[in-house]
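To start, the structure under review is shown below, and the notes come after it.
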Amino acid sequence: MKTTKKAMSGLQQILFLGGLLLLWQVVYTVGVDGLSMWKSYAMPSPVGVAKSFLSLMESGSLVSAVGNSLARGAVGYGLSVVLGGILGVLMSHFSFLKRNVRPLVMGIQTLPSVCWVPFSILWFGLSQTAILFVVVMGSAFSMSLAFDNAISGVPPIYKKAALTMGAQPGQIYRKVIFPACLPELISGLKQGWSFAWRALMSGEVMTTSVGLGQTLIMGRNLADINQVMLVMVVIVLSGILIDQGVFRTMEKRILKKRGLL
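Here it is as structure tokens:
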């Protein structure tokens, strides 16, 4: 029964997306070829995007761009988790930092990632380090807030009970706090990935390094709106696949292990 419902839901999604693509192509045909409302170079179409996809796949440019972007995103995200996690744990542990540093972190976290691009170029030039800097600055502060919120949400009775049973202070985080806050922490890590992925695109569009951002700008420079649209679609799909394939799987596994699913 569940398999049938999933199949029907999948079929509905495919039909819905197919209908959107058909509507998009009709609007393009009427607006460009019929009424001449837009120029063909300024309005993408599903057929044009498909042709651009085949062209970039044939040259290997798209595969290389996706691979490089995912690799940079993984490295930058890993650094953000480590640095943001350390700051988040310190803020949750020391009330002085929580009172004085957390408001500053919240303020910096609201900055668009593109604001860090001038700093990265001036400090590191047009290099891989510059891109990673933008990714870290765009997502590490979000990670620190996620760690702080998750740890602060653990009931104090858990810590008191562990100390009563003889747990050492160093074991509190490893044996009690982190396991208790893991479900909420995963949600924060997922949100942090979205910040890192967007920051990565901001960094790549400003450099010459091969990646999705650079491919996007190349399409703009060539006045190829279909390539621009294709890269945008690939960016969205890559983010969705990482979210569903990694974070959603982790959430399900943790909830199922704890009998909540």
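The numbering of the sequence shown is the numbering used here, which starts it at -5 and goes up by one. Every residue, glycine too, gets a C-beta built ideally from N, C-alpha and C.
Run through DSSP, which three-state label would residue i get?
i	result
S74	helix
A140	helix
T243	helix
L224	helix
G205	coil
L120	coil
G12	helix
Q6	helix
M159	coil
M212	helix
P149	coil
M200	coil
P112	helix
P177	helix
When the Cα atoms are used, what is the spatial distance from residue i to residue j?
i	j	result
L292	T(-2)	The structure shown has nothing for residue 292, since the chain only spans -5 to 255.
L231	A155	45 Å
M226	L210	8 Å
D27	G42	14 Å
L29	R96	56 Å
I219	M37	7 Å
I80	M244	22 Å
K153	V170	7 Å
W18	S39	7 Å
P150	L157	11 Å
V76	I125	17 Å
W187	W117	25 Å
Starting from residue i, trace the alpha helix (DSSP H) both ways and give me its first and last residue.
i	result
A217	A217 -> no alpha helix (DSSP H), and no H or E assigned at all.
Q268	There is simply no residue 268 to check, as the chain begins at -5 and stops at 255 in what is shown.
R30	According to the sequence displayed, residue 30 carries Ser and not Arg. Looking at the DSSP string, S30 is not in any alpha helix (DSSP H), and its letter there is neither H nor E.
R168	Taken as a continuous stretch (DSSP letters only), R168 belongs to no alpha helix (DSSP H), as it is neither H nor E.
Taking only runs that begin and end inside the segment 34 to 75, name each unbroken beta strand (DSSP E) of 3 or more residues, in chain order. none
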